[in-house]
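Novice:
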Amino acid sequence: MESAGFGAAWLQYALGGITIGAIYALVAIGYNIIYNVTEIINFAQGEFVMLGGLFAVFFYEACGLPILAAFLAAVAAVALTGLVLERYVIRNARQATVLSMIIITIAFSILLKGGAMLAWGKDPYRLPPFTGGGSILWNGVAVQPQALWVLGVSGIIVVCLTLFFRRSVYGKAMLACADNPAAARLVGIPVRTMIFLSFMLSAAIGAAAGVSITPITLMEYDRGALLGLKGFGAAVLGGLGQFFGALVAGLLLGLAESFCAGYVSSGYKDAVALVLLLLALFFKPEGLFGSKEAAGLKRF
Amino acid sequence: MTSPRFSSSDPILILQDVHMQFGGVTALKGIRYQVPRGIVQSIIGPNGAGKTTLLNCISGVLHPTEGRISFLGRRVEREPPHRIAALGMSRTFQHVALFPQMSVLENVMVGRHVRTRSGFWAAGLRTRSMRREEAAIGRDARAWLDFVGLADAAHLPAGALPLGKQKILEIARALATDPALLLLDEPAGGLNTRETEELGELIGRIKERGTTVILVEHDMNLVMTISDRILVLYYGQPLASGVPDEIKENPEVIQAYLGDEWTPDEGAPIMNGQL
Amino acid sequence: MNLRKFAPVAAFVAFMAAFPWMVAPFDAISHYTDVMVFAGIFCLVTIGLSLLMGFAGQISLAQAAFFGIGAYASAILTGRFGWNPWAAMPAGAAAAAAVAWIVGVPALRLKGHYLAMATLGFGVIVHIVLNEEVEWTGGPSGMVDIPGLSVAGVRVLSETAWYYLVWTFVAAALIFSYHVLHSRVGRALRAIHEAEKAAEAMGVPVASYKVQVFVYSAVLASLAGSLYTHYVTFLTPSSFDLMWSVRFVLMVVVGGMQSLWGAVLGTVFLTFVGNEWLHVFADFEVLVYGGILLAVALLVPQGLVVWMQEKLSRRRETLLPRSE
């Protein structure tokens with residue numbers, strides 16, 4: 001690194017930014033899926049990411065599964081957590097006011113965090129990269145193979161989701177529930193099932209993000225809140241409910257954070273995404289790609 | 001309150017080419033109209049004609065895309081609702097919007113908000129002027145409950161009243177702001193015949209007090225009995241205006257209400273109060 | 001009627017005044033006075049939050065930040081610049097008010113989830129600043145040797161003295177807030193909560209009131225932070241992190257959002273749960289907190305105090321013929 005010139009350093013930061021940005025994008029997509037179907041913002045979204053990483057560690061270290069199997073097992077385990085959240089918590093909420101929904105999902109996130117602390121303790125855990133081999137040197141920039149995995153996983157998820165919502169009957173049904181639950185019910189869409197699916201899907205995507213990033217950044221029990229907040233920043237910046245917007249905004253946030261860490265102050269790097277989140281909320285709550293009119297129709 | 005150039009013989013409300021567009025839908029197409037002081041002005045028209053949109057524009061809930069609205073000689077088309085309320089305009093809502101968990105009396109007391117001033121500090125410290133003002137608010141609110149005949153229900157939660165009384169309470173709350181102009185959005189909706197009659201009588205008494213009333217209403221009996229003037233809206237445009245008798249006999253109005261199937265022999269329901 | 005209202009208040013005041021003397025003789029619980037000092041400090045935060053959440057219907061996940069602003073303002077002004085603590089306290093409150101106003105004006109235009117996230121984000125930013133501005137705040141290792149408080153030239157040293165001092169503040173905040181709620185301003189706040197459109201049509205400047213009550217809650221939180229600083233005489237940023245903001249919300253929700261008594265009882269209860277009863281299994285604390293919050297939000301969303309009041313009044317109704 002020290003011998004690398006200015007250009008190489010710049011490229012290195014950009015690569016790091018894109019990698020972490022892809023994770024924010026996935027978290028944002030998790031928010032979007034649940035929001036699209038239920039208009040709930042799930043404050044436990046960040047915890048899904050944390051749990052994904054820690055479950056993968058568990059399946060890899062304690063159960064001795066190969067890394068890719070551990071990946072899938074972790075995703076399944078967290079999807080199950082999402083199922084529990086919907087089936088046993090959200091569905092039983094007696095007062096469905098926005099305020100009580102916020103408190104309920106926050107409470108659930110605290111439970112997940114507390115549970116993770118008990119199960120895994122307070123130490124950060126590491127996970128080996130999905131494929132071996134050292135960093136690849138490219139134009140003076142060290143590229144970790146795991147970074148490519150992160151980008152690959154994110155890319156596949158975004159493409160699959162876009163196809164799912166645009167093409168498949170289930171995807172369209174899920175969107176219909178968001179537009180008008182009563183009408184969706186009338187035309188025979190099982191709204192309950194769709195809500196239920198959205199929580200599982202969203203949890204699974206969060207988990208995938210968590211597993212992918214753990215080999216690079218490690219994972220510990222209290223990382224969820226910050227990941228969740230930054231992911232929400234990406235969701236708002238990209239226009240709540242929009243997948244492509246979330247992807248672009250996630251990458252932007254990641255880049256901003258990485259360059260801030262590189263050139264300004266590493267201590268304040270976490271604040272960058274949050275300041276951008278506040279600016280977005282205050283001045284452009286409809287997001288970079290959303291229209292003001294459409295935003296006016298949504299119930300925030 | 002009023003601007004210096006405003007004289008009492010001027011119209012209280014002047015609409016100049018008021019346009020309202022929602023995306024691709026034009027709800028109001030250049031409304032030009034004046035409402036004189038002290039009358040009951042009704043606005044009627046088929047569903048979707050833009051009546052409620054017009055009320056929302058006048059009261060500041062919506063801002064028209066184009067055009068001017070002057071109230072008591074002041075431009076108000078860009079003012080927020082709470083400023084317009086301070087200028088002396090108040091309203092009720094098509095779907096009752098009371099504060100359901102507050103008592104009937106407290107609901108009306110909120111109406112006095114705009115005519116009183118003690119703030120956070122004065123309230124927290126219970127200053128003498130605040131206590132005096134608070135007593136006056138209670139007195140005025142009770143007087144308005146007496147005026148509309150809800151004094152007995154003063155301490156019930158507003159949400160516990162039957163719909164008919166909720167509608168009356170909304171009027172009392174609006175009156176408590178001392179409005180020069182009162183907008184009523186379908187006050188008779190959901191009322192039975194007797195309640196509607198009482199409502200008509202109440203509106204008459206409000207007019208006697210010198211308050212101008214704009215009434216959006218579907219109950220034609222009520223409209224025809226109490227209105228001084230009627231404006232008919234049709235697809236966001238004024239179709240006709242005049243005194244009730246002129247409107248009843250206006251062929252265009254009858255046509256608009258009944259479509260093409262109507263023939264004069266059947267008698268127009270508009271005259272029988274069925275619309 | 002008056003007696004029925006007055007009697008519980010008088011009983012409460014008498015109980016609170018006697019509390020240190022009641023627990024002092026028993027070794028096992030004599031330190032409850034200390035716990036109650038903390039509970040009182042947190043009550044200041046939650047009374048403000050109760051006005052904001054329960055009455056005006058606006059959530060804030062940033063109260064720990066205002067608590068921290070007050071605490072660090074007092075610590076820095078007294079420790080570094082030798083200010084009198086009683087001068088530093090209003091200065092901290094003024095700073096918190098200014099920050100709350102700057103953040104509140106744009107933030108309170110948002111509703112529901114967006115407002116929650118905005119306040120959450122702001123709270124985390126303040127926490128990062130407390131950690132990073134090492135020169136001023138001591139960073140993660142914090143500040144020590146912060147001076148204590150004196151009243152009329154006498155150092156406030158004993159826990160009992162602190163108890164009376166802090167709960168005097170709480171009583172003042174309760175009375176002030178109670179008066180605000182039973183006034184034109186309080187009615188306007190509740191009106192905003194119940195039907196914002198209608199409140200606006202009645203001439204209530206909705207945005208301005210939301211900001212006012214947000215600033216008020218920030219000022220109370222800041223005063224609480226100042227008291228906290230002088231009581232514990234050391235600070236670390238971890239006392240002002242996100243989890244604390246959540247705890248404050250939890251205290252209000254558990255007691256009952258729509259009642260000042262709910263805020264006080266919820267705060268005292270959870271302070272004892274956190275400082276006392278959960279020490280036995282420290283690692284379970286977070287889990288138990290989450291469990292309580294979830295159970296209350298799901299089962300008694302109106303909070304324990306309101307729930308108990310409803311139960312009692314229902315019983316009274318069945319026992320007595322209605323007097324009205």
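Chains as they are written, first to last, in full-length UniProt numbering: chain V, 1 to 300; chain P, 1 to 275; chain Y, 1 to 324. Using N, Cα and C, we set each Cβ at its ideal position, and we do this for glycine too. Just so it is clear, the structure is predicted and the values come from calculations on it, not from any experiment.
#1: So Y:G215 and Y:W86 are in contact, right, with Cβ under 8 angstroms, and what is the actual spacing, rounded?
#2: Can you pull the DSSP bridge partners for P:F22?
#3: Would the stretch 92-100 of chain P and the stretch 162-180 of chain P be scored as touching if the rule is three or more Cβ pairs under 8 angstroms?
#4: Can you give the Cα-Cα distance for V:R299 and V:L163, rounded to whole angstroms?
#5: Y:H179 and V:A98 - do their beta-carbons sit closer together than 8 angstroms?
#6: Check the DSSP bridge columns for P:S90 and list the partner residues they point to.
#7: For the stretch 133-153 of chain P, which residues have a beta carbon sitting closer than 9 angstroms to at least one beta carbon of chain Y?
#8: Find out if the Cβ-Cβ distance for the pair V:T105, V:N42 is shorter than 8 angstroms.
#9: Counting only the same chain and skipping the five closest in sequence on each side, list residues whose C-beta sits under 6 angstroms from that of V:Y13.
#10: Excluding the five sequence neighbours on either side, which residues of its own chain have a C-beta within less than 8 angstroms of the C-beta of V:A69, listed in chain order?
#11: Tell me which same chain residues have a C-beta within less than 7 angstroms of the C-beta of Y:V213, skipping the five on either side of it?
#12: In chain Y, which residues lie less than 8 angstroms from V:L161 when you measure between Cβ atoms?
#13: Can you tell me whether Y:F38 is buried or exposed? The criterion is at least 16 other CB atoms within 10 Å of its CB, across all chains shown.
#14: Cα separation between V:G114 and V:F108?
#15: Which stretch, first to last residue, makes up the alpha helix (DSSP H) that contains V:Y221?
#16: Using the rule of at least 16 other Cβ atoms within 10 Å of the residue's Cβ for burial, across every protein chain shown, is V:L237 buried or exposed?
#17: Residues of chain P with CB closer than 7 angstroms to the CB of Y:Q212, please, in chain order.
#18: Compile a chain-ordered list of the residues in the stretch 194-222 of chain V whose CB is closer than 8 angstroms to at least one CB of chain Y.
#19: At a Cβ threshold of 8 angstroms, is P:E106 touching chain Y?
#20: Among residues of its own chain, excluding the 5 on either side of P:R37, which ones have a beta-carbon nearer than 6 angstroms to its beta-carbon?
#21: CA-CA distance, P:G190 and V:I34?
#22: For the beta strand (DSSP E) containing P:A240, name the first residue and the last one.
#23: Under 9 angstroms between beta-carbons, which chain P residues line up against Y:R190? List them in chain order, please.
#24: Between the beta-carbon of P:K29 and the beta-carbon of P:Q237, is there less than 8 angstroms?
#25: Hey, could you find the ends of the beta strand (DSSP E) V:V143 is sitting in?
#26: Mind listing which residues of the stretch 58-87 of chain V have their C-beta closer than 7 angstroms to chain Y's C-betas, in chain order?
#27: According to DSSP, is P:D228 part of a helix, a strand, or is it coil?
#28: Indicate whether at least one CB of chain Y lies closer than 8 angstroms to the CB of V:L227.
#29: Are the C-beta atoms of P:T211 and some chain Y residue less than 8 angstroms apart?
#30: Return helix, strand or coil for P:G67, following the three-state DSSP convention.
#31: Any beta-carbon of chain V closer than 8 angstroms to the one on Y:I128?
#32: Can you tell me the Cβ-Cβ gap for V:A216 and V:Q146, rounded? I've got them flagged as a contact below 8 angstroms.
#33: Measuring alpha carbon to alpha carbon, tell me which of V:G254, V:S198 and V:G228 ends up nearest V:R87.
#34: Rounded to whole angstroms, how far is the Cβ of Y:A224 from the Cβ of Y:G70, which I believe are closer than 8 angstroms?
#35: Which chain Y residues sit within Cβ distance under 8 angstroms of P:V114?
#36: Which residue comes first and which comes last in the beta strand (DSSP E) that contains Y:S119?
Specialist: Let me spell this out:
#1: Here residue 215 of chain Y refers to the residue found at position 215 when the third sequence is read from its first residue. Here residue 86 of chain Y refers to the residue found at position 86 when the third sequence is read from its first residue. Rather than Gly, the amino acid found at residue 215 of chain Y in this sequence is Val. Actually they are not in contact, since the Cβ atoms of Y:V215 and Y:W86 sit about 21 angstroms apart, beyond 8 angstroms.
#2: Against the second sequence, residue 22 of chain P aligns to sequence position 22. Paired residue(s): P:V25.
#3: yes
#4: As a first step, residue 299 of chain V must be located in the first sequence, where it is residue number 299. As a first step, residue 163 of chain V must be located in the first sequence, where it is residue number 163. Residue placement at V:R299 is flagged as unreliable, the pLDDT there being 41, under the threshold of 50; the coordinate-derived value follows with that caveat. Using only the alpha carbons, I get a separation of about 26 angstroms.
#5: Position 98 of the first sequence holds residue 98 of chain V. Position 179 of the third sequence holds residue 179 of chain Y. Checking the displayed sequence, the identity of residue 98 of chain V turns out to be Val instead of Ala. Contact flag unset, no.
#6: Here residue 90 of chain P corresponds to residue number 90 of the second sequence, with the count starting at 1. In DSSP, P:S90 forms a bridge with P:L182.
#7: E133, E134 and I137
#8: Stepping through the first sequence from its first residue, residue 105 of chain V is reached at position 105. Stepping through the first sequence from its first residue, residue 42 of chain V is reached at position 42. In this structure, V:N42 lies closer than 8 angstroms to V:T105 by Cβ.
#9: Your numbering for residue 13 of chain V matches position 13 in the first sequence. S258, F259 and G262, listed in sequence order.
#10: Here residue 69 of chain V corresponds to residue number 69 of the first sequence, with the count starting at 1. Cβ within range, chain order: F59.
#11: On the third sequence, residue 213 of chain Y is found 213 positions in, with the first residue counted as 1. Taken in chain order, the residues that qualify are L51, L52, A56 and L189.
#12: Counting from one through the first sequence, the residue named residue 161 of chain V turns up at place 161. Going along chain Y, no residue has its Cβ under 8 angstroms from V:L161, so there is no contact; the nearest lies around 22 angstroms.
#13: Counted from its first residue, the third sequence places residue 38 of chain Y at position 38. Per the 10 Å Cβ criterion, buried.
#14: In the first sequence, counting from the first residue as 1, residue 114 of chain V sits at position 114. In the first sequence, counting from the first residue as 1, residue 108 of chain V sits at position 108. Cα to Cα, the separation comes out at about 10 angstroms.
#15: Numbered from its first residue, the first sequence carries residue 221 of chain V at position 221. Premise fails: V:Y221 is in no alpha helix (DSSP H) and is neither H nor E.
#16: Your numbering for residue 237 of chain V matches position 237 in the first sequence. By the 10 Å Cβ count, V:L237 comes out buried.
#17: Here residue 212 of chain Y corresponds to residue number 212 of the third sequence, with the count starting at 1. The answer, in chain order, is F120.
#18: none
#19: In the second sequence, the residue the question calls residue 106 of chain P occupies position 106. Judged by the 8 angstroms Cβ criterion, P:E106 is in contact with chain Y.
#20: Here residue 37 of chain P corresponds to residue number 37 of the second sequence, with the count starting at 1. These residues qualify, in order along the chain: I12 and T212.
#21: Within the second sequence, residue 190 of chain P is the residue found at index 190, counting from 1. Within the first sequence, residue 34 of chain V is the residue found at index 34, counting from 1. Distance between the alpha carbons of P:G190 and V:I34: 38 angstroms.
#22: On the second sequence, residue 240 of chain P is found 240 positions in, with the first residue counted as 1. Counting along the chain, the beta strand (DSSP E) containing P:A240 begins and ends at Q237 to G242.
#23: As a position in the third sequence, residue 190 of chain Y is number 190, starting the count at 1. Neighbours of Y:R190 on chain P, chain order: F99, Q101, M102, E106 and V110.
#24: The residue labelled residue 29 of chain P in the question sits at position 29 within the second sequence. The residue labelled residue 237 of chain P in the question sits at position 237 within the second sequence. Closer than 8 angstroms, so yes.
#25: The residue labelled residue 143 of chain V in the question sits at position 143 within the first sequence. It spans V141 to V143 - the beta strand (DSSP E) in which V:V143 sits, taken as one unbroken run.
#26: none
#27: The residue labelled residue 228 of chain P in the question sits at position 228 within the second sequence. P:D228: coil per DSSP, three-state reduction.
#28: Mapped onto the first sequence, residue 227 of chain V falls at position 227. False, the Cβ-Cβ gap to chain Y never drops below 8 angstroms.
#29: The count along the second sequence starts at 1 and reaches residue 211 of chain P at position 211. Chain Y contact via Cβ: absent.
#30: For the purposes of this step, residue 67 of chain P is identified with residue 67 of the second sequence, where counting begins at 1. Here P:G67 sits in strand by DSSP.
#31: In the third sequence, the residue the question calls residue 128 of chain Y occupies position 128. Chain V, which has a Cβ nearer than 8 angstroms to the Cβ of Y:I128, makes this yes.
#32: Against the first sequence, residue 216 of chain V aligns to sequence position 216. Against the first sequence, residue 146 of chain V aligns to sequence position 146. Inspection of the sequence shows that residue 216 of chain V is occupied by Ile rather than by Ala. Yes, they are in contact, since the Cβ atoms of V:I216 and V:Q146 sit about 5 angstroms apart, within 8 angstroms.
#33: The residue given as residue 87 of chain V occupies position 87 in the first sequence. If we check each option's Cα against that of V:R87, V:S198 comes out closest.
#34: As a working note, residue 224 of chain Y is residue 224 in the third sequence. As a working note, residue 70 of chain Y is residue 70 in the third sequence. Indeed, because the Cβ distance is near 7 angstroms, the residues count as touching under 8 angstroms.
#35: One-based indexing of the second sequence puts residue 114 of chain P at position 114. Chain Y residues near P:V114: M202, G203 and V204.
#36: Translated into the one-based positions of the third sequence, residue 119 of chain Y becomes position 119. In the sequence as displayed, the identity of residue 119 of chain Y is Thr instead of Ser. It is not in any beta strand (DSSP E) - Y:T119 instead sits in the alpha helix (DSSP H) that spans G112 to E132.
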